[in-house]
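Peer 1: Here it is, the structure in full.
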Amino acid sequence: MVRKLRQQFRDQARAPLGAGVEKFQRALLLAPFGIWFLFFIVAPMAVLLIMSFSHRTELGETQIAFEWTAYRTLLNPLYGKVLFTTLLFAAANTVVTLLAAYPFSYFMYRCKPSARLWVITLILVPFWTSFLVRILAFVDVLRLHPFGFDWIYKAPGILSAMVYNYLPFAVLPIFASMEKIHYSLIEAAKDLGAGRVQVLTRILWPLTRSGVSVAALFVFVPSLGEFLIPELVGGGNYFLLGSFLQNQFLTARNWPLGAATIMIVVIGTLIVLPLFNGVAKAKGAAT
Amino acid sequence: MTPSVNPISSSPGASGLSLQRLRKVYQSGDSISGVQEVSLEVPAGEGFSLLGPSGCGKTTTLRMIGGFEKPDAGRIHLDSKDITDLPSQYRDIRTVFQRYALFPHLSVFENVVFGLRMQKKPEFEIKKQAAIFIDLLEIGKLANRNVAQLSGGEQQRVALARALITGPKILLLDEPLSALDLKLRERMQLELLALRRKLGMTFIFVTHDQTEAMVLSDRIGVMNAGLLEQVGSPEEIYTQPKSRFVASFIGQANFMGPEQLRNLRASGTRTPDLATGAEWMIRPENLKVRKLDATLSAGSVGLPGRLLEMAYLGQNRLLKVVDATDRQHLISLPGSELPAVTQNDEILISWKVDEAWSVHGS
Numbered sequence: 035m036v037r038k039l040r041q042q043f044r045d046q047a048r049a050p051l052g053a054g055v056e057k058f059q060r061a062l063l064l065a066p067f068g069i070w071f072l073f074f075i076v077a078p079m080a081v082l083l084i085m086s087f088s089h090r091t092e093l094g095e096t097q098i099a100f101e102w103t104a105y106r107t108l109l110n111p112l113y114g115k116v117l118f119t120t121l122l123f124a125a126a127n128t129v130v131t132l133l134a135a136y137p138f139s140y141f142m143y144r145c146k147p148s149a150r151l152w153v154i155t156l157i158l159v160p161f162w163t164s165f166l167v168r169i170l171a172f173v174d175v176l177r178l179h180p181f182g183f184d185w186i187y188k189a190p191g192i193l194s195a196m197v198y199n200y201l202p203f204a205v206l207p208i209f210a211s212m213e214k215i216h217y218s219l220i221e222a223a224k225d226l227g228a229g230r231v232q233v234l235t236r237i238l239w240p241l242t243r244s245g246v247s248v249a250a251l252f253v254f255v256p257s258l259g260e261f262l263i264p265e266l267v268g269g270g271n272y273f274l275l276g277s278f279l280q281n282q283f284l285t286a287r288n289w290p291l292g293a294a295t296i297m298i299v300v301i302g303t304l305i306v307l308p309l310f311n312g313v314a315k316a317k318g319a320a321t
Numbered sequence: 015m016t017p018s019v020n021p022i023s024s025s026p027g028a029s030g031l032s033l034q035r036l037r038k039v040y041q042s043g044d045s046i047s048g049v050q051e052v053s054l055e056v057p058a059g060e061g062f063s064l065l066g067p068s069g070c071g072k073t074t075t076l077r078m079i080g081g082f083e084k085p086d087a088g089r090i091h092l093d094s095k096d097i098t099d100l101p102s103q104y105r106d107i108r109t110v111f112q113r114y115a116l117f118p119h120l121s122v123f124e125n126v127v128f129g130l131r132m133q134k135k136p137e138f139e140i141k142k143q144a145a146i147f148i149d150l151l152e153i154g155k156l157a158n159r160n161v162a163q164l165s166g167g168e169q170q171r172v173a174l175a176r177a178l179i180t181g182p183k184i185l186l187l188d189e190p191l192s193a194l195d196l197k198l199r200e201r202m203q204l205e206l207l208a209l210r211r212k213l214g215m216t217f218i219f220v221t222h223d224q225t226e227a228m229v230l231s232d233r234i235g236v237m238n239a240g241l242l243e244q245v246g247s248p249e250e251i252y253t254q255p256k257s258r259f260v261a262s263f264i265g266q267a268n269f270m271g272p273e274q275l276r277n278l279r280a281s282g283t284r285t286p287d288l289a290t291g292a293e294w295m296i297r298p299e300n301l302k303v304r305k306l307d308a309t310l311s312a313g314s315v316g317l318p319g320r321l322l323e324m325a326y327l328g329q330n331r332l333l334k335v336v337d338a339t340d341r342q343h344l345i346s347l348p349g350s351e352l353p354a355v356t357q358n359d360e361i362l363i364s365w366k367v368d369e370a371w372s373v374h375g376s
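Here it is as structure tokens:
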């Protein structure tokens, strides 16, 4: 669906404006985004790329050079384990968040429009507080052993904090795709004999799949770099990519190693993303 | 080929739909809408229209029949079986929704056979039934298309096929033609009528368009403010409206109250007395224009007035006349007839006493 959006953007950009002057105007319109992209995406990535090949002195200073030391260090299985644990947490977070977000979105979909506004407000209001404060509060909630679970400093605790934090990012795209389904479609399906399960599998799911793909992306990618939640809720029991990076840059002062890790994750994401698009597209075409 | 949808019972009365004191009220703030009370019998095979302005409760009534709303009170029987508490899918009643509600992710064929798939019918039977109904609705060329590529008229055919394939006894159609443009609407009206005649099954329409109701149905139920004001054939409803509301909702109507009648001129014949609170209703085509000093024929009465406007519409000519009490009247003359009057002339509107119909209400 990212590809679809991109196509849409391209089509809009191609809209007939005329020639000459309009071409310049179009360039002018796109300029702010171009500049933003250059300064906040391209430039930092370039800096990281250079840094990842740089040399770290004994004192932890970074000297520009061209060496593979950082990448060679990453071949150590220890780092692979960090990456694997991170992927595991991110995947678990994505699955659980989507499982929670889908029925929640349906609930919102079935709300009257006036009530919907309240529900959206309720899930967005916590975001007006600082992330740090929210996580610390969540730790306090876990300390109370809610529902008799002792999850503090444990994997389920980290996961529940992540789900709590990422839920709105999944609810909003799923709800956006659900909102477009006129309720008469569901009534028609029921009238024609579809039970609850069939309404879900034959009507709702096929029509919201693109929203779920976007939601999965919105949850999975940022949770790869999550470091505050594993630190504060996990109590350092789980060493994830985010913590590792924070460590390399701020504590161990091994910037080349941190930069190389980021390069690997970014390249990995860039490889996986089009595959993800391809799956969504193939599924879309199949229907 | 006539598909074997459902053999209609030939004995009327025993089979059909019966609504008994149905009630479904929505309250928001101090405005109350929905259905106050509706009782109705629709014999099998009839084409029936619920007609009324928006918010009169006609859609709510239809949704209760279809099984999408639970009535607050009252019972619904189909062929003497109580179906009030049955979910929509277990009633032998299918609905064609206002905007057709086709499944956008499925092909035309898959839309049509959706009901059979839900019933887990074997593939050969699905194919057989689909062929019959795709043929009946003439949508063979569209079978493999995406529903998004269909025009409004084509969507309606697909929606009809999808509903009919499950073999219902009654088809409910919620504003079936409102999504179409005028030309197509007129064509689809006749096609729907032909389809209903061919299948011989009960069609219940909801519409706010009186022409549509008159073309499509054997009987019309006019609804207003949650109540069924009158049920009757299109002709009964037009010529003998039970209330002032029905008279003015169906076609154009002129009303003459006691105040207007004070200025009435009659030659020999006298208008029968009006009951208190009642008014005479005269259709525009039953009014004639005379010179102010013209002699009225026997059985006719006349009311003096001034000609405000005159417009030629081809088939007919519309005249607007204001009487001494400032009430305006609409007169429709055949287009070929040119009255010897001009604007602002003082004239006489006349009508035959037996073409006036007495109505009550506001």
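Line by line, the protein sequences are chains D and S.
So that you can map any letter, position 158 of the first sequence is 192 in this note's numbering, and since no number is skipped, the others follow by simple counting.
So that you can map any letter, position 130 of the second sequence is 144 in this note's numbering, and since no number is skipped, the others follow by simple counting.
Just so you know, even glycine gets a beta-carbon here, dropped at the ideal spot from N, CA and C.
Owing to the predicted nature of the structure, the values given are computational and were not obtained by experimental measurement.
1) Just the C-alpha distance for leucine 186(S) and glutamine 224(S), rounded to the nearest angstrom, thanks.
2) Using the DSSP secondary-structure output, state which residues sit across from lysine 95(S) in a beta bridge.
3) My output table needs one value for threonine 253(S): the three-state DSSP class, helix, strand or coil.
4) Helix or strand or just coil, what does DSSP make of threonine 356(S)?
5) Can you tell me the Cβ-Cβ gap for leucine 226(D) and methionine 132(S), rounded? I've got them flagged as a contact below 8 Å.
6) Taking the Cβ atom as the reference point for each residue, do isoleucine 98(D) and serine 88(D) lie within a distance shorter than 9 Å?
7) Run the CB neighbour count on phenylalanine 62(S), radius 10 Å, all protein chains shown included, and call it buried at 16 or more, exposed below.
8) May I ask which residues mark the beginning and end of the alpha helix (DSSP H) holding phenylalanine 278(D)?
9) Checking 9 Å against the spacing of the C-beta atoms, do arginine 236(D) and phenylalanine 117(S) come in under that value?
10) For the segment 252-271 of chain D and the segment 117-124 of chain D, state whether three or more C-beta atom pairs, one from each stretch, are separated by less than 8 Å.
11) So, with DSSP's three-state summary, where would you put threonine 216(S)?
12) If you follow the beta strand (DSSP E) that phenylalanine 128(S) is in, where does it begin and where does it stop?
13) What would DSSP say about arginine 105(S), mapped onto helix, strand or coil?
14) What does isoleucine 169(D) reach in chain S if we use C-beta pairs closer than 7 Å?
15) Can you tell me the Cα-Cα spacing of arginine 230(D) and leucine 64(S), whole angstroms?
16) Is there at least one Cβ from chain D nearer than 9 Å to alanine 115(S)'s Cβ?
17) Just to make sure I have the definition right: I need the residues of chain D whose C-beta is within less than 8 Å of the C-beta of serine 102(S). Which are they?
18) In chain order, what residues of the same chain lie with their CB nearer than 6 Å to the CB of methionine 228(S), ignoring the 5 residues before and after it?
19) Give the straight-line distance between the Cα atoms of isoleucine 220(D) and alanine 292(S), rounded to the nearest whole angstrom.
20) Looking at chain S, is there any beta carbon in it that lies within less than 9 Å of the beta carbon of glycine 150(D)?
21) Express the C-alpha separation of alanine 134(D) and phenylalanine 181(D) in angstroms, rounding to a whole number.
22) Run through chain D and tell me which residues come within less than 8 Å of threonine 216(S), C-beta to C-beta.
23) According to the neighbour-count rule (16 or more other Cβ atoms, all chains shown, within 10 Å of its Cβ), is proline 57(S) buried or exposed?
24) Please report whether the beta-carbon of threonine 74(S) lies at a distance below 9 Å from any beta-carbon of chain D.
25) Look at the alpha carbon of lysine 134(S) and the alpha carbon of leucine 33(S), and state the distance between them as a whole number of angstroms.
26) What residues are listed by DSSP as bridge partners for lysine 366(S)?
27) Going by beta carbon distance, what residues of the same chain come within less than 8 Å of glutamine 4(S), once the five residues before and after it are set aside?
28) Applying a beta-carbon distance threshold of less than 7 Å, which residues of chain D neighbour methionine 395(S)?
29) Compare the Cα-Cα distances from alanine 144(S) to each of Lys155(S), Ile179(S), Gly313(S) and report the closest residue.
30) Less than 9 Å between the beta carbons of serine 372(S) and leucine 288(S), yes or no?
31) Between which two residues does the alpha helix (DSSP H) harbouring serine 194(D) extend?
32) Could you name each continuous alpha helix (DSSP H) segment of 4 residues or more that falls completely within the segment 135-177 of chain S, going from the start of the chain to the end?
Peer 2: Let's see:
1) The C-alpha of leucine 186(S) lies about 17 Å from the C-alpha of glutamine 224(S).
2) Leu92(S), per the DSSP bridge assignment.
3) In the structure shown, threonine 253(S) falls within a helical segment according to DSSP collapsed to helix, strand and coil.
4) Coil at threonine 356(S), not helix or strand.
5) Yes, leucine 226(D) and methionine 132(S) are in contact; Cβ-Cβ is about 6 Å, under 8 Å.
6) Yes, these two residues count as a Cβ contact at 9 Å.
7) The residue is buried, with at least 16 neighbouring Cβ atoms inside 10 Å.
8) Phenylalanine 278(D) -> alpha helix (DSSP H) spans 275-280.
9) In this structure, phenylalanine 117(S) lies closer than 9 Å to arginine 236(D) by Cβ.
10) They touch, by the three-pair rule.
11) When secondary structure is reduced to three states using DSSP, threonine 216(S) falls in the strand class.
12) For phenylalanine 128(S), there is no enclosing beta strand (DSSP E); the enclosing alpha helix (DSSP H) covers residues 128-132.
13) DSSP, reduced to helix, strand and coil, places arginine 105(S) outside both helices and strands of the structure shown, so it counts as coil.
14) Within 7 Å Cβ-Cβ: nothing; isoleucine 169(D) doesn't reach chain S, min ~40 Å.
15) Approximately 31 Å, taken between the alpha carbons.
16) Answer yes: the Cβ-Cβ gap between alanine 115(S) and chain D drops below 9 Å somewhere.
17) Here the neighbours are Glu221, Lys224, Asp225.
18) Shown here for methionine 228(S): same chain residues with a beta carbon closer than 6 Å to its own, the five before and five after excluded, namely Pro248 in chain order.
19) Between the C-alpha atoms of isoleucine 220(D) and alanine 292(S) there is a straight-line separation of about 48 Å.
20) In the sequence under discussion, the amino acid at residue 150(D) is arginine, which differs from the glycine named in the question. It does not; no Cβ of chain S falls within 9 Å.
21) Rounded to the nearest angstrom, the two C-alpha atoms are 18 Å apart.
22) None at all; the shortest Cβ gap to chain D is about 16 Å.
23) Within 10 angstroms of the beta-carbon of proline 57(S) lie 16 or more other beta-carbons, which makes it buried.
24) Put simply, the CB of threonine 74(S) is far from chain D, with every gap to its CB atoms at 9 Å or more.
25) If I take the Cα positions, the gap works out to 32 Å.
26) In DSSP, lysine 366(S) forms a bridge with Ser314(S).
27) This structure gives no information on residue 4(S), because the portion of chain S shown stretches from 15 to 376.
28) No information on residue 395(S) is available, as it lies outside the stretch 15 to 376 that chain S covers here.
29) In terms of CA proximity to alanine 144(S), Ile179(S) leads the group Lys155(S), Ile179(S), Gly313(S).
30) The answer is yes: Cβ separation under 9 Å.
31) Here the alpha helix (DSSP H) through serine 194(D) covers 189-213.
32) Taking 4 residues as the minimum length, the alpha helix (DSSP H) runs contained wholly in the segment 135-177 of chain S are 137-150, in order along the chain.
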